[in-house]
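Protein sequences appear in the order of chains A and B.
Here the working numbering is used: the first residue of the first sequence is 219, the next is one more, and so on.
Here the working numbering is used: the first residue of the second sequence is 71, the next is one more, and so on.
Worksheet for the structure shown next.
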Amino acid sequence: MALKLEPLEQFVIKPIVPLHIGKFDVSFTNSALLMTIAVLVVSAIVVIGTRREALVPGRIQSLGELAYEFVGNMIDETVGAEGQRYFPFIFTLFMFILFGNLLGLIPFGYSFTGQIIVTFAMAAVVFIGVTLIGIWRHGWHFLSFFVPHGVPFVLLVLLVPIELLSYLIRPFTLSIRLFANMLAGHTMLAIFGGFAASIGVLGLLPLGLDILIFFLELLVAVLQAYVFAILTCLYLNDAIHLH
Amino acid sequence: MEPESAKMIGAGIACIALVGAGIGIGNVFAALINALARNPAAQVTPFAFLGFALAEATGLFGLAIAFLILFVS
């Protein structure tokens with residue numbers, strides 16, 4: 219029984235509208251299409267949800283209010299009142315990743331959060347932005363972030379490089395966490411789908427497992443968007459309050 | 071050794087990373103049940119799921135490497 223598995227095929231970027239400017243390939247791809255859809259869906263929920271501003275909210279308005287309050291409370295609990303001025307950024311980030319993950323779960327869809335370059339670009343923006351906020355608010359005093367309080371001088375020689383390294387590694391862990399979750403989840407779904415398709419009646423077993431994994435992926439999709447947003451909040455808290 | 075078999079062995083070794091994730095996720099939910107059994111009013115479930123996601127991600131790094139070894143030519 220030949221088993222042909224190509225579970226990573228779903229992550230291939232295909233150009234829909236080929237376009238070249240000079241040496242650069244700026245084609246409109248399936249990845250770009252899904253990003254556009256995600257932005258449109260999020261915008262639609264927020265715009266339609268706030269259009270009527272009914273006292274008793276309808277379905278879409280409830281969804282918008284739920285997301286708004288969820289992110290608002292998250293920032294309040296982790297950063298405090300000073301964090302509210304960064305609310306638009308974190309709300310956008312959370313909704314974009316959430317709908318990227320959820321749209322990727324639609325069969326024959328495409329998950330752009332499963333591309334390392336997409337997640338790394340978002341993590342790099344968070345990292346650079348948070349560092350700039352820290353420097354802007356504290357000036358040179360920001361460097362005291364890397365020096366733990368109440369530690370003997372001899373240990374500082376060891377601890378400061380570790381703190382510095384753990385700070386610099388943040389964009390990588392932040393991006394790889396989201397990327398690896400999406401990659402592993404979708405690959406797992408595709409592998410069990412391949413089993414189900416290739417072994418006949420016995421294939422009902424892997425199919426059932428696939429359905430269970432799908433629910434796990436649904437949980438992971440929401441959870442990873444939450445984790446990305448709350449870690450952004452925690453980094454922001456570090457930059458604003460310095461320990 | 072055939073390169074193909076070396077790839078298979080490598081993918082299997084990369085999956086050992088999931089041991090740590092399993093232990094970590096078990097610890098997280100054991101602690102959650104402990105906390106909720108002692109104090110049912112404790113508001114710790116969001117933190118437990120945050121810990122679950124963080125612990126799971128470390129194992130998935132290894133799993134992703136295994137997939138990359140196996141399926142990327």
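Glycine residues also receive a C-beta, built at the ideal position from the N, C-alpha and C atoms.
Interfacial residues, the region 435 to 448 of chain A to chain B, with Cβ spacing under 7 Å: L441, Q442, V445, I448
Through-space distance from A/F246 to A/L373, alpha-carbon basis: 53 Å
Proximal chain A residues relative to B/F99, where beta-carbon distance stays under 8 Å: Residues of chain A passing the Cβ test: none, with the nearest at roughly 13 Å.
A/I234 - containing beta strand (DSSP E), residue span: 233 to 235
Contact set for A/V336: own chain, Cβ-Cβ below 6 Å, skip 5 residues either direction: If the five residues before and after A/V336 are omitted, its C-beta is found closer than 6 Å to the C-beta atoms of F330, all from its own chain and listed in chain order.
Local Cβ density within 10 Å of A/N319, reported as buried at 16 or more and exposed below that: buried
Residues that A/L386 contacts on chain B, provided the C-beta gap is smaller than 8 Å: Simply none; closest approach about 18 Å.
Boundaries of the alpha helix (DSSP H) in which A/W354 is found, first to last residue: 334 to 356
Residues near A/I263 by beta carbon distance below 7 Å, same chain, minus five either side: Around A/I263: I278, L281, G282.
Where the alpha helix (DSSP H) containing A/C451 begins and where it ends: 422 to 459
Any C-beta of chain A under 8 Å from that of B/V142: With 8 Å as the cut-off, B/V142 counts as an interface residue toward chain A.
Chain-ordered chain B contacts of A/L401 [CB-CB under 9 Å]: Residues of chain B passing the Cβ test: L130, L133, A134, F137, L138.
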